[in-house]
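In our numbering, the protein residues as written are 5 to 376. We treat Cβ as the ideally placed atom computed from N, Cα and C, and that holds for glycine. This structure is a prediction, so every number in the text was calculated from the model and none was measured.
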Amino acid sequence: MNFELSEEETMLAGLADRFVADRYDIERRRAYLAEAQGFSRENWDLLAECGLMAAPLAQADGGMELEPGAIVALFAALGRGLVVEPLAESVLVGARLLLAGAADSLADAWREGLASGAQRVALAHAEPGQRGNRAWVETRSQAGAEGVRLTGVKHCVPAGQGADAFLVSARANDGGTGADGIAFYLVSADAPGLTITPWRLIDGSVAVHLTLDNVVVPASHRLAGGLDLLDQIMPLADLARAAEAVGVMQRIFDETLEYLRTRSQFNTPLGRFQAIQHRMVAHYCALEQSRALLNLALVGGAERDFAQAVAGARAFISDVSLSLGHDMIQFHGGMGVTDELAIGHGHKRLVLLSRWPEEPLAKLDRYAGLAA
5 MNFELSEEET MLAGLADRFV ADRYDIERRR AYLAEAQGFS RENWDLLAEC GLMAAPLAQA
65 DGGMELEPGA IVALFAALGR GLVVEPLAES VLVGARLLLA GAADSLADAW REGLASGAQR
125 VALAHAEPGQ RGNRAWVETR SQAGAEGVRL TGVKHCVPAG QGADAFLVSA RANDGGTGAD
185 GIAFYLVSAD APGLTITPWR LIDGSVAVHL TLDNVVVPAS HRLAGGLDLL DQIMPLADLA
245 RAAEAVGVMQ RIFDETLEYL RTRSQFNTPL GRFQAIQHRM VAHYCALEQS RALLNLALVG
305 GAERDFAQAV AGARAFISDV SLSLGHDMIQ FHGGMGVTDE LAIGHGHKRL VLLSRWPEEP
365 LAKLDRYAGL AA
């Protein structure tokens, strides 16, 4: 089987590489993260001009409906560049979920803005106690004459700062405890009763905490599909997260390998010590296994097979990426944790990717459940 990049995949990876070369180094990355929303709006607009906001969207929504292989090529390149702009959360999750579930009139109102990058929506689904169980939703919805009233808390919404609206999951008061009673509602960021509290994640990006106190939205802002739709949307986003993690792993592995070739102790390059060689070989093997699992996901047939392969890849990559990051820091010594080197930046990003939107064990449980 041929795993060489197609022409489209090569083009996307090259586009991302040029963007990184022109716009990124560690100093500028730190400056982008320091902005209020945790990334550069100028970079966001530039990525939109390159068509990367629209490309993953369905053709009916003005996109190219990128194949999974193209998603892997693009996000692996973005990972190598340690790019902080939230394409996965804002486009692969937020925009795709809204356009897939919204009524025609609502989708029409948002389609152009989302495809051009002028507008962003963020998924607000995570709640305290959820721990990988997507059906754990305590936010409540109550239909009334004025619309639907939402009350509850969403404790972690990545890329939520500066978003124009949120896709909030809520359970109808008579919706029981299973997945059937859950629906998503489009809530404007300036809706009365909505409190947005930003906070920093481990990698320096900005998430928000939402408090909904009797927030009223029109009934037409309810998305069709509920959790079933989210389950359809998430595998492609998870594939992008896995590809980004592999790109980050490759970046910090390569930089560490170069460091071990040039840094000496006891008049000998560090890379000549057998114990270090063995550990680097183990991490190289883990990198190749991670890439193989991404390729396995690309050759899946049915939708369920694809979701299963992605869940398995994420479970494995979440585990080995943390081990790799720890050792890359260890080999650099104290310098590895400084903000002046890419190693610490990359490892913190790997920590976040390994635990979002669920813990590694939850990913493994999801893989086992899909495989059963």
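Inset, instruction - Mind reading off the beta-carbon distance from G329 to I256? Whole number of angstroms is fine, and I expect it under 8 Å. - result: 7 Å
Legend entry - Distance, V157 Cα to E71 Cα: 35 Å
Inset, instruction - Given a cut-off of 7 Å, decide if L118 and V97 are closer than it, judged by their beta-carbon atoms. - result: no
Legend entry - Exposure of R308, with buried meaning 16 or more beta-carbon neighbours within 10 Å: exposed
Inset, instruction - Starting from the Cα of A228, find the closest Cα among V172, E116, L345 and A247 and give me that residue. - result: V172
Inset, instruction - Verify whether the separation of the beta carbon atoms of G85 and V152 is less than 7 Å. - result: no
Inset, instruction - Could you name the residues of the same chain whose beta carbon sits closer than 7 Å to that of I237, not counting the 5 residues immediately before and after it, in chain order? - result: V97, R100, L101 and A104
Inset, instruction - Check whether the Cβ atoms of G197 and D168 lie closer than 7 Å to each other. - result: no
Inset, instruction - Report buried or exposed for G166, applying the criterion of at least 16 other Cβ atoms within 10 angstroms of its Cβ. - result: buried
Inset, instruction - Could you pull out every residue in the same chain whose Cβ sits closer than 7 Å to the Cβ of D331, ignoring the five residues on either side in sequence? - result: R283 and H287
Inset, instruction - Taking V221 as the reference, give the member of F170, V250, L261 and I200 with the closest Cα. - result: F170
Legend entry - Backbone CA spacing between G136 and A366 [nearest angstrom]: 5 Å
Inset, instruction - Grab the span of the alpha helix (DSSP H) containing W48 for me, first residue to last. - result: R45 to E53
Legend entry - Residue nearest to A81 in terms of C-alpha spacing, selected from R34, Q254 and T201: Q254
Inset, instruction - For C160, count neighbouring Cβ atoms within 10 angstroms of its own Cβ and tell me buried if that reaches 16, exposed if not. - result: buried
Inset, instruction - Measure from the alpha carbon of P379 to the alpha carbon of each residue in L302, E248, N177 and G18, then state which is nearest. - result: Residue coverage of the chain in this structure runs from 5 to 376, which leaves residue 379 outside it and unanswerable.
Inset, instruction - Have a look at S44 and F270 and give me their C-alpha separation to the nearest angstrom. - result: 44 Å
Inset, instruction - Spell out the partners DSSP gives G156 in its beta bridges. - result: L216
Legend entry - Entirely enclosed alpha helix (DSSP H) segments - the stretch 74-126, minimum 4 residues: 100-105 and 108-120
Legend entry - Backbone secondary structure at G373 - three-state DSSP: helix
Legend entry - Three-state secondary structure assigned by DSSP to F170: strand
Legend entry - First and last residue of the uninterrupted alpha helix (DSSP H) at S325: E307 to H336
Legend entry - Distance CB(I30)-CB(L243) smaller than 7 Å: no
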